Ligand code: MG
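Residue numbers (this note's numbering): 14 to 242.
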């Protein structure tokens, strides 16, 4: 039992630790409207985890039948980022502090695995989740060559936790994030904190799909004791 105990729980940031996805979606949509690009609010939740360039290219191919140039990507992503920053810091996700506390109470290490490199949120982590995510237990956009859905971010997270896949649980809200964790061989919980269709995270490879971080906080203590035992 002890040798199979869960040693680490790997948490995504946007849409898991922070309720930041509505702001990202709103920022993308405002940029698209201003630039005459057709887009819908909900679709950004499906694209979460893609690079800015990749998301912009989806729109360009759909609307203009070509990819965006490097200059266009830089300009449009700049507008999106400025929109997001103008909304102020996003709220902490309901239930997330309780879920992180459950991990620590259970004697496991929380680890951050985010594709984001957004300094404003990363700097807020210590205040909102004191002691949970010290710099040596963070994987951000700056630590990886291949982002989600490549398994690299979650594999790096395991390395930073000193754990192997069977000793860990991964928590992500986006299809691409779930795919990344699942490809890293980790038991993956998809938490549908946005408007994704029920079942979509299971289809992306999640071992379990929940509809809130509160539900995760409730179930984590038993999962950490039972998983792989
Ligand atoms: Mg996310």
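Note that CB positions come from ideal geometry on N, CA and C, so glycine has one too.
Every value quoted in this text rests on a predicted model; they were computed, and no experiment measured them.
- DSSP places residue 189 inside the alpha helix (DSSP H), whose first and last residues are 188-196.
- The three-state secondary structure of residue 90, taken from DSSP, is helix.
- Residue 51 and residue 185 have their alpha carbons spaced roughly 28 Å apart.
- The Cβ atoms of residue 182 and residue 19 sit closer than 8 Å to each other.
- Counting C-beta pairs closer than 8 Å gives three or more between the region 40-51 and the region 88-97, which meets the contact rule.
- If you check the CB distance, residue 130 and residue 155 come in under 8 Å.
- Closer than 7 Å to some heavy atom of ligand 1: that does not describe the Cβ of residue 56.
- For residue 216, the enclosing alpha helix (DSSP H) begins and ends at 213-216.
- The count of Cβ pairs closer than 8 Å, one atom from the region 144-153 and one from the region 76-92, stays below three, leaving the stretches out of contact.
- One alpha carbon belongs to residue 230, the other to residue 83, and they sit about 42 Å apart.
- Between residue 224 and residue 200, the beta carbon gap of about 18 Å keeps them out of contact (Cβ cut-off 8 Å).
- In terms of side-chain proximity, the C-beta atom of residue 187 is found nearer than 7 Å to a non-hydrogen atom of ligand 1.
- According to DSSP, residue pairing for residue 31 in a beta bridge involves 27 and 105.
- Looking only at 188, 212, 145 and 124, the smallest Cα-Cα distance to residue 172 is reached by 124.
- Assigned with DSSP and collapsed to three states, residue 158 falls in coil, not helix or strand.
- Taking the Cα of residue 138 as reference, the smallest distance to any Cα among 204, 110, 120 and 116 is reached at 110.
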